[in-house]
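What follows is a single structure, written as structure tokens, with notes after it.
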Amino acid sequence: MSRPHTPAPEAEAGPPLVDAETDLRPTPEVTAARRTPRAHPALVLVGIVLASLNMRASLAGVSPLLGEISGDFGLSATTGSLVTTIPLVFMGLASPLAPRLARRWGTETVLLAALVLLGGGVLLRVAPPLVALFAGCALVGSGIALLNVLMPGLIKRDFPDRAAPMTALYTTSMIAGATASAAAAVPLEDALGGWRGSLASWSLLAAVAALLWLPQAVLARRGTHHGRAAATPAPNRDGKGDGRALSRSPLAWQVTLFMGLQSLIAYVTIAWMPTILTDHGMDKATAGLVFAFSTLVQMAGSFVVPLLAGRMRAQRLLAVVVAGLMASGIAGLLVAPVTGAWAWAALIGVGQGGTVGLALTMMVLRTGDAHTSARLSGMAQTWGYLLAAAGPLALGAVHQATGGWTLPITLMLAVCAALALLGLGAGRDCKIAS
Numbered sequence: 000m001s002r003p004h005t006p007a008p009e010a011e012a013g014p015p016l017v018d019a020e021t022d023l024r025p026t027p028e029v030t031a032a033r034r035t036p037r038a039h040p041a042l043v044l045v046g047i048v049l050a051s052l053n054m055r056a057s058l059a060g061v062s063p064l065l066g067e068i069s070g071d072f073g074l075s076a077t078t079g080s081l082v083t084t085i086p087l088v089f090m091g092l093a094s095p096l097a098p099r100l101a102r103r104w105g106t107e108t109v110l111l112a113a114l115v116l117l118g119g120g121v122l123l124r125v126a127p128p129l130v131a132l133f134a135g136c137a138l139v140g141s142g143i144a145l146l147n148v149l150m151p152g153l154i155k156r157d158f159p160d161r162a163a164p165m166t167a168l169y170t171t172s173m174i175a176g177a178t179a180s181a182a183a184a185v186p187l188e189d190a191l192g193g194w195r196g197s198l199a200s201w202s203l204l205a206a207v208a209a210l211l212w213l214p215q216a217v218l219a220r221r222g223t224h225h226g227r228a229a230a231t232p233a234p235n236r237d238g239k240g241d242g243r244a245l246s247r248s249p250l251a252w253q254v255t256l257f258m259g260l261q262s263l264i265a266y267v268t269i270a271w272m273p274t275i276l277t278d279h280g281m282d283k284a285t286a287g288l289v290f291a292f293s294t295l296v297q298m299a300g301s302f303v304v305p306l307l308a309g310r311m312r313a314q315r316l317l318a319v320v321v322a323g324l325m326a327s328g329i330a331g332l333l334v335a336p337v338t339g340a341w342a343w344a345a346l347i348g349v350g351q352g353g354t355v356g357l358a359l360t361m362m363v364l365r366t367g368d369a370h371t372s373a374r375l376s377g378m379a380q381t382w383g384y385l386l387a388a389a390g391p392l393a394l395g396a397v398h399q400a401t402g403g404w405t406l407p408i409t410l411m412l413a414v415c416a417a418l419a420l421l422g423l424g425a426g427r428d429c430k431i432a433s
């Protein structure tokens, strides 16, 4: 059920952050304990940047090395795609746990644990047994899920008057981490004696971020009495906006599926783009740079598209345009994968940045309050990442069955078409009833 949407004043300055802690109210003791790190905002800011750098680096660095990883373990294309599929599955499964953990232990403590989990998963992936590779992928995905859900709420809580620039810093740091990881994967492999050294090196970034969050977590926990939760549930406004109402809303599912399909395309690109290029004759190092460039230019789309969306009553045309940009780049991989690689990478990158920015923006614009926005965000991230997990695995299986990339790329074009159709629904000028 939906009703006409009148743009809110805050939409004109860009979409407000979805607060992952909307349903939680910190205890007075925890609130008092948090005043110490807030008195030094530079410490919190650096912590946010370092945590954000970790959120995509451990995934993007795998893609240029997927051939070596699969060859070392003797994996088929289908089985090798599990290296990128398993983290996505656990990103979906672990997302609903983040608010519950934050309620019991506090946001700072859970963020610290997420970084430790992420760093441990990165190291476990490079252990000799095959089961360690997949178990490490599960830990990496779980750590990223906790960071995904809690970071926006942390920013809104600690920087309420600077939400827009801090959001830009947060998203830019995520993309910068992914870009650096993709570009450095092959050089680090050469310098450190193999793919294991290259992947393991990113655990150092997680360790540095964890060390910076440690004092903040300790200070916040000092405000919690032994055995007591760090936060209590906030009033639910007479039960409005619960999960059952969202699950009955076609508009909520359109936003969720839009999030899921754009994530599917993004993670298929992470998993297979360098392999597509090397299979067509490009050397591995150049393929890694092309992929890194595609990741870098995502910043343009992720910055511009949300600003445009916030100034529009409906975002249907915008959704079709960004889906069309991705489709154009993917089609280019079909007709001239090597000679036009840099152009296709630019189109795919801008389109991907635009679609993820639009998906996050629509979670706010399609809802009337932060409470409903937070629930829609949880629904979209949980089901969206589970849907996205099917992409790398399915395309790997199709590639293995056909022995080429023509049918897999054609299927990706079909997904882009479905994304555009979903955008026509999710971009309507209406709101989900709360």
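All residue numbers in the sequence shown are consecutive under numbering that gives the first Met the number 0, ending with 433.
By construction, the Cβ of each residue, glycine as well, lies at the ideal position given by its N, Cα and C atoms.
How many Å lie between residue i and residue j at the Cα?
i: residue 172; j: residue 180; result: 12 angstroms
i: residue 430; j: residue 147; result: 24 angstroms
i: residue 76; j: residue 160; result: 48 angstroms
i: residue 364; j: residue 351; result: 20 angstroms
i: residue 291; j: residue 342; result: 13 angstroms
i: residue 108; j: residue 397; result: 42 angstroms
i: residue 415; j: residue 425; result: 15 angstroms
i: residue 225; j: residue 113; result: Bear in mind that the predicted position of residue 225 carries a pLDDT of just 49, short of 50, making it unreliable; the figure below should be weighed with that in mind. Taking the straight line joining both Cα atoms gives about 22 angstroms.
i: residue 47; j: residue 401; result: 44 angstroms
i: residue 306; j: residue 71; result: 45 angstroms
i: residue 198; j: residue 249; result: 41 angstroms
i: residue 282; j: residue 330; result: 21 angstroms
i: residue 434; j: residue 90; result: Outside the shown range of the chain (0 to 433) lies residue 434, about which nothing can therefore be said.
i: residue 128; j: residue 156; result: 42 angstroms
i: residue 432; j: residue 366; result: 7 angstroms
i: residue 388; j: residue 85; result: 7 angstroms
i: residue 420; j: residue 334; result: 24 angstroms
i: residue 19; j: residue 293; result: Only weak support is given to the placement of residue 19: the predicted model assigns it a pLDDT of 48, under 50, and the value that follows is read from those uncertain coordinates. So the two alpha carbons sit approximately 29 angstroms from each other.
i: residue 328; j: residue 271; result: 14 angstroms
i: residue 73; j: residue 338; result: 31 angstroms
i: residue 4; j: residue 245; result: Model confidence at residue 4 stands at a pLDDT of 43, short of 50, so the residue's coordinates are unreliable and nothing is read from them.
i: residue 428; j: residue 178; result: 35 angstroms
In terms of residues, what are the limits of the alpha helix (DSSP H) holding residue i?
i: residue 197; result: 194-199
i: residue 278; result: 249-278
i: residue 426; result: Note, residue 426: premise wrong, no alpha helix (DSSP H); not H, not E.
i: residue 404; result: It is not in any alpha helix (DSSP H) - residue 404 carries neither H nor E in the DSSP assignment.
i: residue 339; result: Premise fails: residue 339 is in no alpha helix (DSSP H) and is neither H nor E.
Would you say residue i faces chain D, with C-beta separation under 8 angstroms as the test?
i: residue 414; result: Reference to chain D is not applicable here, since this structure consists of a single protein chain.
Do residue j and residue i have their beta-carbon atoms positioned less than 8 angstroms apart in this structure?
i: residue 295; j: residue 174; result: yes
i: residue 132; j: residue 124; result: yes
i: residue 407; j: residue 62; result: no
i: residue 106; j: residue 149; result: yes
i: residue 138; j: residue 152; result: no
i: residue 182; j: residue 348; result: no
i: residue 209; j: residue 118; result: yes
i: residue 418; j: residue 257; result: yes
i: residue 188; j: residue 176; result: no
i: residue 395; j: residue 57; result: no
i: residue 379; j: residue 255; result: yes
i: residue 297; j: residue 358; result: no
i: residue 321; j: residue 277; result: no
i: residue 207; j: residue 49; result: yes
i: residue 266; j: residue 391; result: yes
i: residue 122; j: residue 202; result: yes
i: residue 185; j: residue 140; result: no
i: residue 145; j: residue 212; result: no
i: residue 51; j: residue 169; result: yes
i: residue 264; j: residue 362; result: no
i: residue 463; j: residue 53; result: The displayed coordinates of the chain run from 0 to 433. Any statement about residue 463 would go beyond what the structure contains.
i: residue 68; j: residue 194; result: yes
i: residue 340; j: residue 304; result: no
i: residue 360; j: residue 309; result: yes
i: residue 332; j: residue 346; result: no
### Task
May I have a chain-ordered list of the alpha helix (DSSP H) segments no shorter than 4 residues that lie completely inside the segment 280-329?
283-295, 297-309
#### Entry: Length-filtered (4 minimum) alpha helix (DSSP H) runs lying within the segment 40-111
40-59, 65-72, 76-79, 81-93, 96-104
### Task
Count the C-beta pairs between the segment 374-384 and the segment 79-98 that are closer than 8 angstroms, then say yes if the count reaches three, no if not.
yes
### Query
Quick check: the segment 372-380 against the segment 316-324, are there 3 or more CB pairs under 8 angstroms?
no
### Uninterrupted beta strand (DSSP E) stretches inside the segment 112-170 (no shorter than 3 residues)
none
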